[in-house]
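Peer 1: One structure follows; several queries about it will come next.
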Amino acid sequence: DLAALRREIAELVHGKRKSFGAGALLKKFCNFVSRRVFGKLLKLYRSEAEANRKAELRTLEWTKPGVVWAMDPCEVRLGPDDVKVHIQDVQDLASGYKFPPLAGLDHFNGETIAGHLTSIFNEFGAPLFLKRDNGGNLNCEAVDEVLEEYMVIPINSPVRTPSYNGAVERAQGEIKRLADQIVEREGLSAPEALALLPEIVVNKLNHKTRRKLDNKNSCRTFFGARKIKFDKRARREVLESVKSFVEDVCLHLRDGVDSMAAWRAAAQQWLVQNKFLIIKQNKTKNVNPNEEVSPLFPELFPHN
86 DLAALRREIA ELVHGKRKSF GAGALLKKFC NFVSRRVFGK LLKLYRSEAE ANRKAELRTL
146 EWTKPGVVWA MDPCEVRLGP DDVKVHIQDV QDLASGYKFP PLAGLDHFNG ETIAGHLTSI
206 FNEFGAPLFL KRDNGGNLNC EAVDEVLEEY MVIPINSPVR TPSYNGAVER AQGEIKRLAD
266 QIVEREGLSA PEALALLPEI VVNKLNHKTR RKLDNKNSCR TFFGARKIKF DKRARREVLE
326 SVKSFVEDVC LHLRDGVDSM AAWRAAAQQW LVQNKFLIIK QNKTKNVNPN EEVSPLFPEL
386 FPHN
């Protein structure tokens with residue numbers, strides 16, 4: 086069961102040249118997988134872990150609103166009774182614009198999230214790519230059917246790597262801080278906060294001026310930009326381009342390749358080549374100036 090093996094490998098602590106706990110894991114799976122395939126899997130996950138570490142030393146600039154969105158759930162404790170409220174956040178990465186969120190006392194199932202995405206796509210238009218984490222309610226048949234219907238290409242984050250979807254993670258921090266301030270200032274009860282707070286908070290954040298947007302706010306940036314419309318033919322061509330790259334990677338690495346890692350690399354390559362994503366190296370004394378970008382598969386597509 087390669088899926089189970091990959092999950093356990095992903096949970097190891099991966100250093101630059103060593104994965105801690107790999108020996109014990111190999112013993113556990115030695116009757117089901119060869120040492121060679123196991124070694125290739127380890128190397129792949131170490132490469133991705135190293136890429137993620139270096140990704141923290143670089144800045145991603147999303148150039149066009151409407152092309153790439155991200156979604157992720159968060160929890161906020163509200164009111165004097167410290168009631169836990171679940172919020173499903175969806176936002177555009179280039180502008181930081183946050184769409185009307187789902188909010189409730191219960192964990193949202195896949196059907197509810199699928200209906201929410203359908204509503205947002207119909208009102209604001211569908212993106213070309215959607216970043217999501219590996220939660221079961223975000224990776225289910227109902228959500229996948231909506232993405233397929235609107236021809237939106239999903240990009241799943243690496244396991245246990247919140248920084249991969251860092252923009253939406255930071256947005257959740259803003260939502261939590263502002264929610265706490267409003268509840269405390271207005272003295273709202275949990276039911277009142279649940280009914281009003283998500284849209285109030287999101288509206289305030291969407292109209293906050295931001296230096297990275299040239300002192301404009303997210304609302305003005307999202308609605309003021311000229312959107313690039315991808316019809317079904319264009320979306321199909323992008324999907325085929327990404328699939329072709331993934332097939333090349335799988336053919337090159339053969340046994341044990343992680344298709345999700347290849348998919349992320351393919352999506353990034355397409356976005357960079359088409360100037361929807363610019364990767365900038367942050368200035369730091371500890372970074373090798375020759376390592377401006379660390380790809381997942383350096384032997385396949387070097388970056389300068």
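According to this note's numbering, the sequence shown is numbered sequentially starting from 86. All residues carry an ideal CB built from backbone N, CA and C; glycine is no exception. Here the structure is a predicted model, which means the values were calculated and not measured.
1. May I have the straight-line CA-CA distance separating residue 107 from residue 276, to the nearest angstrom?
2. Measure the beta-carbon distance from residue 147 to residue 298 and round it to whole angstroms, keeping in mind my assumption that it falls under 8 Å.
3. Tell me the rounded alpha-carbon separation between residue 126 and residue 224.
4. Quick one: grab the DSSP three-state call for residue 242.
5. Say whether the segment 192-203 touches the segment 217-237, bearing in mind that this needs 3 or more beta-carbon pairs closer than 8 Å, one atom from each stretch.
6. What are the partner residues of residue 156, as DSSP defines its beta bridges?
7. Given a cut-off of 7 Å, decide if residue 281 and residue 259 are closer than it, judged by their beta-carbon atoms.
8. Taking Cβ to Cβ, would you say residue 171 is nearer than 7 Å to residue 134?
9. So, are the CB atoms of residue 287 and residue 278 less than 7 Å apart?
10. Return the chain-ordered ranges of every beta strand (DSSP E) run that is complete within the segment 172-228 and spans a minimum of 3 residues.
11. Could you please give the first and the last residue of the uninterrupted beta strand (DSSP E) stretch that includes residue 365?
12. Could you check whether residue 194 and residue 219 sit closer than 7 Å to each other, using their CB atoms as the reference points?
13. Can you give me the start and stop residues for the alpha helix (DSSP H) that residue 357 sits inside?
14. Output yes or no for whether 7 Å exceeds the beta carbon distance between residue 155 and residue 216.
15. Taking only three categories from DSSP, how would you classify residue 76?
16. Rounding to the nearest angstrom, what Cα-Cα distance links residue 150 and residue 209 in this structure?
17. What are the start and end residues of the alpha helix (DSSP H) that includes residue 310?
18. Among all the DSSP beta bridges, which residues are the ones paired with residue 145?
19. Decide if residue 63 is buried, meaning its Cβ has at least 16 other Cβ atoms within 10 Å, or exposed.
20. Suppose the cutoff is 6 Å on Cβ atoms and the five residues either side in sequence are ignored; what does the same chain contact list for residue 351 look like?
21. What's the C-alpha gap between residue 207 and residue 157?
22. Do you know how far the Cα of residue 112 is from the Cα of residue 205?
23. Mapping the DSSP letters down to three states, classify residue 89 as helix, strand or coil.
24. Based on the DSSP secondary-structure assignment, which residues constitute the bridge partners of residue 302?
Peer 2: With the structure as the only source:
1. Taking the straight line from one Cα to the other gives about 48 Å.
2. Their Cβ separation, rounded to whole angstroms, is 11 Å, which puts residue 147 and residue 298 out of contact at 8 Å.
3. Each residue's alpha carbon lies about 23 Å from the other.
4. It is coil, neither helix nor strand.
5. The segment 192-203, when compared against the segment 217-237, does touch it at the 8 Å Cβ threshold.
6. Assignment of beta-bridge partners to residue 156 by DSSP yields 175.
7. Their beta carbons are not under 7 Å apart, which means residue 259 does not touch residue 281 by this criterion.
8. When the beta-carbon positions are compared, residue 171 and residue 134 stay at least 7 Å from each other.
9. Against a cut-off of 7 Å, the Cβ pair of residue 278 and residue 287 comes out as no contact.
10. Within the segment 172-228, the runs of beta strand (DSSP E) that reach at least 3 residues and sit entirely inside it are, in chain order, 187-189 and 214-217.
11. Per DSSP, residue 365 is one residue of the beta strand (DSSP E) stretching across 362-366.
12. By the CB criterion at 7 Å, residue 219 and residue 194 fall outside the cutoff.
13. DSSP places residue 357 inside the alpha helix (DSSP H), whose first and last residues are 344-358.
14. Yes, these two residues count as a Cβ contact at 7 Å.
15. The question about residue 76 has no answer, for the chain in this structure spans 86 to 389.
16. Roughly 11 Å between the two C-alpha positions.
17. Judged by DSSP secondary structure, residue 310 falls outside any alpha helix (DSSP H); it is assigned neither H nor E.
18. Partner(s): 364.
19. Summary: the structure shown does not reach residue 63, with the chain confined to residues 86 through 389, and so no result is reported for it.
20. For residue 351, where only same-chain residues beyond five positions count, the Cβ hits under 6 Å are 327, 330 and 331.
21. Whole-angstrom Cα-Cα distance: 20 Å.
22. In this structure, the CA atom of residue 205 is about 48 Å from the CA atom of residue 112.
23. The answer is helix: DSSP assigns residue 89 an H, G or I state.
24. Partner(s): 294.
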